[in-house]
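Asker: Under the UniProt record's numbering, the first residue of the sequence shown is numbered 1, with each subsequent residue one higher.
Virtual Cβ for every residue (Gly too), placed ideally from N, Cα, C.
Note that this is a predicted model, so its numbers are computed, not measured.
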Amino acid sequence: MTVTLLQEAPDVSTLKPRHIQKDTALLISPPLAGHEGPIFGELSVCEDQFYFYSESAKSGIAVQYPDIIIHAISRQEGQPNIYCQLDAGLFFPNQQLPEDEQEREETVTELRLIPRDGGACIYMAMSECTELHPDEEFMAEQGAYSDEEYYADPSDEAELNEMQQAALAHLESVFEQPTMNGHKYDDIEEDK
Numbered sequence: 001m002t003v004t005l006l007q008e009a010p011d012v013s014t015l016k017p018r019h020i021q022k023d024t025a026l027l028i029s030p031p032l033a034g035h036e037g038p039i040f041g042e043l044s045v046c047e048d049q050f051y052f053y054s055e056s057a058k059s060g061i062a063v064q065y066p067d068i069i070i071h072a073i074s075r076q077e078g079q080p081n082i083y084c085q086l087d088a089g090l091f092f093p094n095q096q097l098p099e100d101e102q103e104r105e106e107t108v109t110e111l112r113l114i115p116r117d118g119g120a121c122i123y124m125a126m127s128e129c130t131e132l133h134p135d136e137e138f139m140a141e142q143g144a145y146s147d148e149e150y151y152a153d154p155s156d157e158a159e160l161n162e163m164q165q166a167a168l169a170h171l172e173s174v175f176e177q178p179t180m181n182g183h184k185y186d187d188i189e190e191d192k
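#1: Specify the secondary structure class of valine 174 as computed by DSSP and reduced to three states.
#2: With respect to the alpha helix (DSSP H) encompassing glutamate 105, which residues constitute its N-terminal and C-terminal limits?
#3: I need the DSSP call for leucine 97, collapsed to helix, strand or coil.
#4: Counting pairs of beta carbons, one from the region 92–103 and one from the region 121–139, are three or more of them closer than 8 Å?
#5: Would you identify the three-state DSSP class for threonine 24, choosing helix, strand or coil?
#6: Thinking just about the alpha-carbon of each residue, which of Tyr51, Pro134, Cys84 is nearest to the one in leucine 5?
#7: Three or more beta-carbon pairs under 8 Å between the region 45–59 and the region 88–97, yes or no?
#8: In chain order, what residues of the same chain lie with their CB nearer than 7 Å to the CB of leucine 168, ignoring the 5 residues before and after it?
#9: With distances taken between CB atoms, is the gap from asparagine 81 to leucine 113 smaller than 8 Å?
#10: Should glutamine 49 be labelled buried (16 or more other beta-carbon atoms within 10 Å of its own) or exposed?
#11: Based on Cα-Cα distance, which residue from Met126, Arg116, Gln79 lies nearest to lysine 174?
#12: Kindly indicate which residue of Val63, Ala140, Ala72, Thr2 has the alpha-carbon position closest to the one of serine 127.
#13: Put glutamate 42 into one of helix, strand or coil per three-state DSSP.
#14: Closest by CA to leucine 111, which one among Cys129, Leu90, Lys58, Asp117?
#15: Which of helix, strand or coil does DSSP assign to proline 10?
#16: What are the boundary residues of the beta strand (DSSP E) that glutamate 55 is part of?
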C-alpha cells in the first residue's frame with residue numbers, strides 16, 4: 001500500500017467518484033516540507049482511493065482506503081472535520097519526520113479534511129468506499145480465530161482495563177457520530 005504525492009490534478013471522471021468536495025482544507029501532521037498550516041483544494045472521494053488536490057499549491061495527495069486505520073468526524077480544530085489516521089509507518093515522501101529513530105517509530109500520519117460545508121457527506125462516502133476495500137490481513141486473522149469459542153463484547157466497559165476505558169472516553173469526547181436525527185443532513189441525498 002502506498003500514499004502518493006500528486007503533481008497534477010487527477011482525472012476523477014475515470015476514477016468512479018462517490019463525492020467531490022470543493023473548498024476543503026487539508027492539514028497533515030507531521031506536515032509536508034514547505035506546507036505549514038492548511039492546504040486548500042478539492043477533495044475527491046473515489047472508489048479505490050481518495051484524492052486531494054490544490055490548484056494554488058500545484059500539488060496534492062492520493063490515499064488508498066486500506067492505508068486508513070481510522071476515519072471519523074471530529075470536533076477538534078474549531079469546526080467539524082474528517083479525521084484520518086494512516087497505518088503505522090506510512091508517510092508521504094517529503095513529510096517532516098522526527099530525527100530520533102524511536103520518535104519516528106511512534107509517529108503516525110494524521111490527516112484532517114476540513115470542508116467549508118458537507119462534512120457528513122464526506123464521511124459517509126469514505127465509509128462506503130472503505131467497505132469496498134476490507135483489510136485483507138485483518139480478515140485473514142479473523143478467519144484463523146473463527147473456530148475459537150472466546151467472545152468479548154467490545155461495548156461492554158467491564159471488559160476494558162483502566163487504560164482502555166480512558167482511551168475510549170477520550171475518543172468519545174473527540175469524535176462525533178453522524179446522525180440523521182433532526183434533519184441535520186437533509187442534503188445528503190441531493191449530493192449523490
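Answerer: Based on what the coordinates show:
#1: Valine 174 sits in a helix when the DSSP states are folded into three classes.
#2: First-last of the alpha helix (DSSP H) with glutamate 105: 101–106.
#3: In the three-state scheme derived from DSSP, where H, G and I count as helix and E and B as strand, leucine 97 is classed as coil.
#4: At 8 Å Cβ cutoff, the stretches do not touch.
#5: Correct three-state label for threonine 24: strand.
#6: Measuring from the Cα of leucine 5, the nearest candidate turns out to be Tyr51.
#7: No: the two stretches stay apart, fewer than three of their Cβ pairs being nearer than 8 Å.
#8: Contacts found: Leu160.
#9: Yes.
#10: Glutamine 49 comes out buried.
#11: Lysine is not the amino acid found at residue 174; the sequence shown has valine there. Closest by alpha carbon: Gln79.
#12: Closest by alpha carbon: Ala72.
#13: Strand.
#14: Measuring from the Cα of leucine 111, the nearest candidate turns out to be Leu90.
#15: The DSSP-derived three-state label of proline 10 is coil.
#16: Careful: glutamate 55 lies outside any beta strand (DSSP E) and carries neither H nor E.
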